[in-house]
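> Under our numbering, the sequence shown is numbered contiguously, ending at residue 570. Here a beta-carbon is modelled for each residue, glycine too, at the ideal position from N, C-alpha and C. Model, not experiment: these values are computed from the prediction.
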Amino acid sequence: SSVSLLEVVVAYLIDQRGWARKKSVYSAGAVMAVTGTLSSLSMGLMSGVLVFGVGFFDLFDILTDKIFLAIGGMILAIFAGWFMNKDDLKDEVTNGGTLKFGLFDVWYNLLKYVIPIAIAIVAVVGIISIEQRSLMFFGIATIVVLAIFSKKL
Numbered sequence: 418s419s420v421s422l423l424e425v426v427v428a429y430l431i432d433q434r435g436w437a438r439k440k441s442v443y444s445a446g447a448v449m450a451v452t453g454t455l456s457s458l459s460m461g462l463m464s465g466v467l468v469f470g471v472g473f474f475d476l477f478d479i480l481t482d483k484i485f486l487a488i489g490g491m492i493l494a495i496f497a498g499w500f501m502n503k504d505d506l507k508d509e510v511t512n513g514g515t516l517k518f519g520l521f522d523v524w525y526n527l528l529k530y531v532i533p534i535a536i537a538i539v540a541v542v543g544i545i546s547i548e549q550r551s552l553m554f555f556g557i558a559t560i561v562v563l564a565i566f567s568k569k570l
């Protein structure tokens, strides 16, 4: 439900940013309401309003589908493969050893070496395949800005 989606953002704002719960709920709820409203209206009343040559619904779809999903998957694979302790990762994947995973070492090497490269290729192809060139440059700029302002990179 939407409440569970909101709670993830609220928990982040409270735990990592030190915001009060009320401020977190109202802020995250307002952002979600605005983006949801813009997406809905872009199919009707605001169908003529274009950002980078596309409507809001298409803009949000392209950002999440072609850019953020790939970046998130790549960061997750890099973190699990390079920064997590191998034994801790095996413990997580096998539920503390209760599940059998005979191919763990193969999976771990794929996760560490192959999967981040494969996801990067998919992300680059996805960005290049964006039909509107101005939106493609917006996607590339978004990645660069996120990399610059990220404390983790």
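1. Tell me V561's beta-bridge partners as DSSP assigns them.
2. Between which residues of its own chain and L528 is the CB-CB distance below 8 Å, once the five residues before and five after are set aside?
3. Give every residue of the same chain whose Cβ lies closer than 8 Å to the Cβ of G514, excluding the five residues on either side of it in the sequence, and list them in chain order.
4. Indicate whether P533 and M501 have their beta-carbon atoms separated by less than 8 Å.
5. Determine the direct distance from the alpha carbon of V539 to that of I484, and round the result to whole angstroms.
6. Quick one, are the C-beta atoms of F477 and T452 less than 8 Å apart?
7. Using a 10 Å radius around the Cβ and a threshold of 16 neighbouring Cβ atoms, would you call A445 buried or exposed?
8. Give the list of continuous alpha helix (DSSP H) stretches no shorter than 4 residues that lie fully inside the region 453-512.
In terms of the structure at hand:
1. The partner list for V561 (beta bridge, DSSP) is empty, contrary to what the question assumes.
2. These residues qualify, in order along the chain: A494, A497 and G498.
3. Taken in chain order, the residues that qualify are D508.
4. No, these two residues do not count as a Cβ contact at 8 Å.
5. When rounded, the separation of the alpha-carbon atoms in I484 and V539 is 10 Å.
6. Yes, these two residues count as a Cβ contact at 8 Å.
7. Buried.
8. Positions of the alpha helix (DSSP H) runs, each at least 4 residues long and wholly inside the region 453-512, are given as 473-479, 486-495 and 503-510 in order along the chain.
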